[in-house]
Structure formats: C-alpha cells, structure tokens
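Report on one structure; see the data block that follows.
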Amino acid sequence: MIPLRLFGLLIFATLLACGSAHADRRVALVIGNSAYKSAPKLTNPANDATLIGGMFKKAGFDSVDVRLDLSASEMRRMLREFAGRSRDADMAVIYYAGHGIELDGNNYLIPTDATLETDGDVLDETIPVERALFAVEPAKQLRLIILDACRDNPFAKTMKRTLASRAIGRGLAKVEPTSPNTMIAFAAKAGSTASDGDSRNSPFAAALVEHLPKPGLDLRKAFGFVRDDVLKTTGYKQEPYVYGSLGGDDVPLVVKPAATGPQANPQDAVRRDYELALQLATRDAWEAFLAAYPDGFYANLAKGQLKKIGAEETRVTAEQKAKAAEQEKARLIAERAQKAEQEKAAAAAKAAEEARIAAEKQKQIEQARAEAAEQQRKAAEAAAAKALAEKQAAEKAKAELAAKQAAEKAEQAAKPAADRQMPEVENQKVAALAPGPTSTLSAAELSKSVQSELRRVGCLSSSAESEWSSAAQRSLTLFNKYAGTKFDVKLASVDALDALKAKPGRVCPLVCNFGFKADGDQCVKITCRAGYRVNDDNECEKVQEKKPVATRENSRPRDDERKASESAPSKPQATGQVFCNSAGCRPVRQGCRLETWGANRAAGLMAGGGTSMIEVCN
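When you number the sequence shown by the working numbering, it's gap-free, plus one each residue, and the end is 646.
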C-alpha cells in the first residue's frame, strides 16, 4: 500500500508535469472594426488590429487570430470559438479596436452592421464586454482584455431615447473584474474619449507595440509606460487606464529567457511549487504542497493559506445559513403583510383612478377654454383686418380724388397762360399732340347726378331733379351722417359725386312703417296666415279666441259692433314702427319716432315703401 505522503507527492508531481507541459501556451484574439454601415468609417482600427496581431505573433503566441470588420453574428461566433481555445491556455488576450458605447453603467462593443436607431437596440445589436470576459475566463494564469474603443461615438448622438432616465455616457464606464488575475485596459480613462491620432495608428496602439512585448517586463509596468507615452503624445488630453489586479509576482507578456549559469538555488523549486499551488488556490493543492514540504518558510505560508480557505468556507456556510433564515423571515413577514398590502394597493389604485378622472375632466375644460379663446382671437383678427381694409380703401379713394382735383385745377390755371404765350398755330400743334381736356358738368347736370347717386345709396327717395332742393340737402346730410363725410349740403359738388360713386351699396338705412318689413332695398307688406295677425313687434302672432260669456242680455248689438270693428282696416300703431339700415331691422325705441326725408313723405307713409327715414328721440 502506498503511504499517504508518497501519494500526495505523486499527485503534486502530476500537477507540476501538466503545468510545465502548458506553461507557455498563450492565445490571442484581435478584432478591428472600421467599415461601419450606419456611421462614418474609422481609419485606424483596421490598421491598429493588424499591428497588434503582428506583435502577438512576434512575441511567440501559440494562436493569434486577427479579424477585421465583423458583424454582430461574426463577433459572437469568434468569441465562442476563442473561449474553447482559452480552456487549454495559461494566458488569453483579447484586443478590440472600434466603436464602443456605455448604457446605464454597462459597456458594449459595436459591430459594423449595427444601426442603433433607439437606445433599446443596444441590447440586440451590440456585444457586451462581459461576453469578452467570459471568453477569457478559462485561462489558468492571466486573462487580459485591451479595449481601444473609447472614441467619440456617433451613435450616441443620433439614437432616440425611449426612457428619459436612461443614461448614455461619454466614453466607457469603469469595470472591476470579479475573477482573479484579470486585467482590463482602456485606451482612455472611464468617462473620457480617445484620439485616433494623425498617423496610421492611434497613440494607444503605438505605445502598446512599444512596451508590451519587452521580455520579462511586468504588465503593470508596461501599461504604466504606455500611459506615459500616450499622455505626452496627446498633450495630456488622453490617459489610458487599467482595471483589475494581479498577484505579487511579475507577470510579463513575454517571458525573459533563462540565463545559463550556475545551478539554481534549491529553494527555487519550492518557490515554483508554492506559486503553482497559489494559482490553483484550492484546499487539495495546499494539502499536496504541505505533504511534499511539511516544514520551512513556504510550509508556514501554505498553512496560512489553508487557514484562509477554512475561514472562507466557514464564512460562506454562515452566510448561507443567515441568508436562508432571512428568506424565511421575509416569507413570514410577506404572508402577514400580504392582506394589508392588498388593501393598501386597492385604496391607492382607487385614488389614482379618481385622480385620473379628475385630471381628464380638467383637461377637457381647459381644452374647451382654449378652443373658445382661439375662436375669439380669430374673430377679432378678422374684424380688425376688415376694418383696416375698409379704412385703406377709403383713404385710397380720398387720395385719388384729391389728386384728380389738384390736377384739374393746375390744368385750368395753366391753360390761360399758355393761350397768351403760344400762337394759334402752336396751340393747334399742342392740341393735336396732347389729350383732350376732361369734360366738365354743368350745375344742373351735377345736381341731377349727385341726387341720382343719393337715391342709389338709399339716402333720397324722390326722383333726381336739376335743382338742388331742400330734399336733396337733407339727403346729403343723411349721407354725411352715415358715411362719415363732411360735404357742404348747400350745393352739389364734384367731391360729393365721387364719394357717392365710391360706395358700392346702400349707405342710409331703410326704414319701414308698421306692417312692412325690409326686403333688400324695398319695404314689403307683412302677410300673416289665417288666424294670425301682426303684433306690436311687427311679427305675426296667433289671434286669441275669446270664449263667449253667458248673459241674459241681447248680445246681437255687441256682435254686430265687433264684426264691424274687425272688418274695418287696422290703424297703424306708433309703437309698432320698425327701423332698418345696413345692419338689419329693429323696433323703434320707446320715446322715439321716425321722420321721413324727401318730398314724397305722405305717399311714402301710405304705401310703406322706399322712403328714407331717420329715428328721432326726444
């Protein structure tokens, strides 16, 4: 039977043999996305990926896969295949150059076929950085991810936000790896952007090629040198940053060749075995190490590591028990509070529904008020525009009339002087060339023309005459009143004639007697159907039948008198007069009367037609 100690040594030797067989196995995946379909093309990512891939190959990596301009499906496939190669490797490295985006504190790599029209498309069309961490997770000694994706992202400026509280950061967000011996290097510090530079490669890629492949140089120092170079190159505007941590020993990307010389110290073998057990960090590894080296400095360190593992196992067990107890407690509390919560939720839902209904009613009220105000505004604007147009038309007509009169006066004043200075022959030549003078009306023709126009605009009811009578003067007075003019009523003038011609329709109101109503420019008699009569408001109303009252008297004389009164024509009532103008018709106000203007007053009152009348109040 094999002793227990010898069996432990055999297991440890087997582990060492397996570790030595694969100690130098290093794999790398390099991706460079430049030709984006929905964004401007990037110049440097393809060049940087080619440069970094060549660096890994010169450094002696066992597998280097360089891929350019990958779509989302191609990137997922490459990461899946690389995860398989990482299982047999001690060191796994992923380098990515291209666009990246940060959404709600999480980082995503953008393939070339992404469109990102909305922030929700980020989850479907991009690759999370955690997917790259998953691909390097199987590596045994070192897991390294280098992200040259902190450029100014054009997608973040154009995509639509579906949720106002969703944050899209500038550059990439800070990442803290949870796995040991894992590092993530950013081309720029979290929250800032990186520069592509003016040359073929970005400042970050050029610095990586300069320092990472140095044999024996620890990665932490190498990235420190990269930081210094990039800061100097960009004028201290871009600062690379590294997240994660490594152990106390140096971890170079390229191992420094062992120097030939005297035999190494025997303690070196113990140290290497201790470091191997430290990388495994399991109870079985430390127990195998102590079985091989029960005493000494490294044995004491191994015992300390075992105590640390035991304490962690105790803590995990206690944490699980506490978590189970807390869950049980929460379950009991939830069961007791479920009923109260349901009642509270129902009350809150009812209050919310009432508030919603009230808000909806208030919204409808405010909307109705806004619509009414808008209608009033449009009506006021239309009225103002109409008044302005009428005013402008009146001013234009007045100006044209004044200009015409001034020209006529100047022509009449210049004509006598020209007749005195120019001989008759010259006058004949000028007369042949110039247009004939404007014909002037005689006083009789002017008077008749003005009265005709007054009759047309409804201010004169009698026929036009050659003499300027008192009826014509009263008609011109009415025109001045309703047209807002100030012409001299004692005589007919050309100015008054032009002003009258400028009016397209009736100016003076049409006044009809009781029993008549305005119909255009005429008064027509109101005709009521059988059983109806005209009332005091000049409207048809039904005649109320009087019920007979029983009496012993002889009713025949009273009936004869009633029939005689009904057969007689009704007398006009003063209170039933109606006043009409361009704005419409209305009853004459109490205490007022109508006066007829024109020579045919008596005939107009009897016929109820075309007489110009005004309303006079005491």
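The beta-carbon is built from N, C-alpha and C at its ideal position, and this holds for glycine as well. Given the structure is predicted, the values throughout are model-derived calculations rather than measurements.
*Tell me which same chain residues have a C-beta within less than 6 Å of the C-beta of Val258, skipping the five on either side of it?*
Locating residue 258 in the sequence shown gives position 230, where the first residue counts as 1. Closer than 6 Å at the Cβ level, and outside the excluded window around Val258, lie Pro231, Phe232, Ala235, Gln266 and Pro268.
Inter-residue Cα distance where the pair is Pro73 and Gln307 = Here residue 73 refers to the residue found at position 45 when the sequence shown is read from its first residue. Here residue 307 refers to the residue found at position 279 when the sequence shown is read from its first residue. Computed Cα separation, rounded: 35 Å.
| message | Given a cut-off of 9 Å on the beta-carbon distance, is the pair Arg159 and Ala222 in contact? | response | Within the sequence shown, numbered from 1, the residue matching residue 159 stands at position 131. Within the sequence shown, numbered from 1, the residue matching residue 222 stands at position 194. Going by beta carbons, Arg159 and Ala222 fall outside the 9 Å limit.
One or two residues paired with Gln550 in a DSSP bridge = Taking the sequence shown and counting its residues from 1, one reaches residue 550 at position 522. Gln550 is bridged to Asp547.
N- and C-terminal bounds of the alpha helix (DSSP H) containing Ile196
Locating residue 196 in the sequence shown gives position 168, counting from the first residue. Ile196 -> no alpha helix (DSSP H), and no H or E assigned at all.
Margin query: Cutting at 6 Å between CB atoms, please list the residues of its own chain near Leu429, excluding the five before and the five after it.
Written below: As a first step, residue 429 is located in the sequence shown; it is residue number 401 there, counting from the start. Counting only Cβ-Cβ distances below 6 Å, and skipping sequence neighbours, we find Asp526.
Could you give the DSSP three-state label for Thr345: helix, strand or coil?
For the purposes of this step, residue 345 is taken as residue 317 along the sequence shown, with counting starting at 1. Residue state, collapsed to three classes: helix.
Please state if the CB of Ala201 and the CB of Asn134 are separated by a distance shorter than 9 Å. Translated into the one-based positions of the sequence shown, residue 134 becomes position 106. Translated into the one-based positions of the sequence shown, residue 201 becomes position 173. Contact flag set, yes.
**Prompt:** For Pro585, which three-state DSSP category applies?
**Reply:** As a working mapping, residue 585 is identified with position 557 in the sequence shown. DSSP places Pro585 in helix when its eight states are reduced to three.
Report yes if the CB atom of Asp224 is closer than 9 Å to the CB atom of Thr78, and no otherwise.
-> Residue 224 sits at position 196 when you count from the first residue of the sequence shown. Residue 78 sits at position 50 when you count from the first residue of the sequence shown. Going by C-beta atoms, Asp224 is not nearer than 9 Å to Thr78.
| message | Between the alpha carbons of Tyr510 and Ala387, how many angstroms are there, rounded? | response | The count along the sequence shown starts at 1 and reaches residue 510 at position 482. The count along the sequence shown starts at 1 and reaches residue 387 at position 359. Cα-Cα distance, rounded: 53 Å.
key: Continuous alpha helix (DSSP H) stretch holding Gly612: start and end   = Start at 1 with the first residue of the sequence shown, and residue 612 comes out as number 584. Counting along the chain, Gly612 falls outside any alpha helix (DSSP H), though it belongs to the beta strand (DSSP E) covering Gly612 to Pro615.
Taking 6 Å as the limit between beta carbons, can you name the residues of its chain near Ile174, skipping five residues before and five after?
Reading the sequence shown from its first residue, position 146 is the one you call residue 174. If we look at Ile174 and ignore the five residues flanking it on each side, its Cβ neighbours are Tyr123 and Ala213.
If distances are taken between C-alpha atoms only, which option among Asp132, Gln169 and Leu161 comes closest to Leu151?
For the purposes of this step, residue 151 is taken as the residue at position 123 of the sequence shown. Checking every option, the nearest Cα to that of Leu151 belongs to Asp132.
Item to complete: Starting from Ser91, follow its DSSP beta bridges and name the residues at the other end.
Response: Position 63 of the sequence shown, counted from the first residue, corresponds to residue 91. Partner(s): Val55.
- Message: Please tell me whether, using a cut-off of 8 Å, the distance from the CB of Gly88 to the nearest non-hydrogen atom of the ligand SAM is below it.
- Response: In terms of ligand content, the structure shown is empty, and the ligand SAM therefore cannot be addressed.
Taking a contact to mean a Cβ-Cβ separation below 9 Å, would you say Leu488 touches Ala499 in this structure? On the sequence shown, position 460 is the one that residue 488 refers to. On the sequence shown, position 471 is the one that residue 499 refers to. It is a contact, given that the beta carbons lie within the stated cut-off.
Query raised in the report: Quick one: what's got a C-beta closer than 6 Å to Ala305's C-beta in the same chain, skipping five residues either side?
Result: Working through the sequence shown from its first residue, we reach residue 305 at position 277. Contacts found: Ala313, Trp314 and Phe317.
Under three-state DSSP, which class holds Gly225? Here residue 225 is taken as the residue at index 197 of the sequence shown, counted from 1. It is coil, neither helix nor strand.
task = Could you check the C-alpha separation between Lys217 and Glu204 for me, to the nearest Å?
result = By one-based count along the sequence shown, residue 217 stands at place 189. By one-based count along the sequence shown, residue 204 stands at place 176. Rounded to whole angstroms, Lys217 to Glu204 spans 13 Å at the Cα level.
Problem - Contacts around Leu245, its chain only, beta-carbon distance under 6 Å, and the 5 residues preceding and following it disregarded - result: Locating residue 245 in the sequence shown gives position 217, where the first residue counts as 1. These residues qualify, in order along the chain: Pro280.
Need the endpoints of the beta strand (DSSP E) that Leu175 sits in, please.
Reading the sequence shown from its first residue, position 147 is the one you call residue 175. That run of the beta strand (DSSP E) goes Leu170 to Asp176.
| So what does DSSP say about Ser498, is it helix, strand or coil? | Here residue 498 refers to the residue found at position 470 of the sequence shown. Residue state, collapsed to three classes: helix.
According to DSSP, simplified to helix, strand and coil, what is Met641? Here residue 641 corresponds to residue number 613 of the sequence shown, with the count starting at 1. In this structure, DSSP gives Met641 an extended state, which the three-state scheme calls strand.
*Tell me whether the beta-carbon of Phe110 lies closer than 9 Å to the beta-carbon of Val164.*
Locating residue 110 in the sequence shown gives position 82, counting from the first residue. Locating residue 164 in the sequence shown gives position 136, counting from the first residue. Cβ atoms of Phe110 and Val164: closer than 9 Å.
**Message:** Please classify Val644 as buried or exposed, where buried requires at least 16 neighbouring CB atoms within 10 angstroms.
**Reply:** The residue you call residue 644 lines up with position 616 of the sequence shown. When all chains shown are included, Val644 counts as exposed.
Hey, Arg189 and Asp147 are a contact pair by Cβ (cut 8 Å); roughly how many whole angstroms apart?
The residue labelled residue 189 in the question sits at position 161 within the sequence shown. The residue labelled residue 147 in the question sits at position 119 within the sequence shown. Rounded, the Cβ-Cβ distance is 6 Å, consistent with contact.
Task: For Ala431 and Ala421, the rounded distance between their alpha carbons - done: Indexing the sequence shown from 1 puts residue 421 at position 393. Indexing the sequence shown from 1 puts residue 431 at position 403. Those two C-alpha atoms are separated by around 15 Å.
* **DSSP three-state assignment for Thr19, whether helix, strand or coil** => The chain is shown from 29 up to 646; residue 19 falls before or after that span and cannot be answered.
(message) Less than 7 Å between C-beta atoms, sequence neighbours within five positions excluded: which residues of the same chain meet that for Ala63?
(response) As a position in the sequence shown, residue 63 is number 35, starting the count at 1. Hits under 7 Å: Lys69, Asp97 and Thr140.
* Asked: What separation, rounded to the nearest whole angstrom, lies between the Cα atoms of Lys424 and Ala530?
  -> Taking the sequence shown and counting its residues from 1, the one referred to as residue 424 is at position 396. Taking the sequence shown and counting its residues from 1, the one referred to as residue 530 is at position 502. If you take the alpha carbons of Lys424 and Ala530, they lie about 11 Å apart.
Run the CB neighbour count on Met641, radius 10 Å, all protein chains shown included, and call it buried at 16 or more, exposed below.
Sequence index remark: in the sequence shown, residue 641 carries index 613 (1-based). Note on Met641: 16 or more other CB atoms within 10 angstroms of its CB, so buried under the neighbour-count rule.
- Query: Exposed or buried, Gly263, counting other C-beta atoms within 10 Å across all chains shown (16 or more means buried)?
  - Reply: Working through the sequence shown from its first residue, we reach residue 263 at position 235. Residue burial is scored here from C-beta neighbours: Gly263 has fewer than 16 other C-beta atoms within 10 angstroms and is therefore classed as exposed.
Item checked: Opening and closing residue of the beta strand (DSSP E) in which Glu153 lies -> As a position in the sequence shown, residue 153 is number 125, starting the count at 1. From DSSP, Glu153 is part of no beta strand (DSSP E) but of the alpha helix (DSSP H) over Val150 to Glu153.
### Query
Just curious, the alpha helix (DSSP H) that Glu315 is in, first and last residue?
In the sequence shown, counting from the first residue as 1, residue 315 sits at position 287. Where Glu315 is concerned, the enclosing alpha helix (DSSP H) stretches over Arg311 to Ala320.
From the DSSP output, in three-state form, read off Thr206 for me. As a working mapping, residue 206 is identified with position 178 in the sequence shown. Coil at Thr206, not helix or strand.
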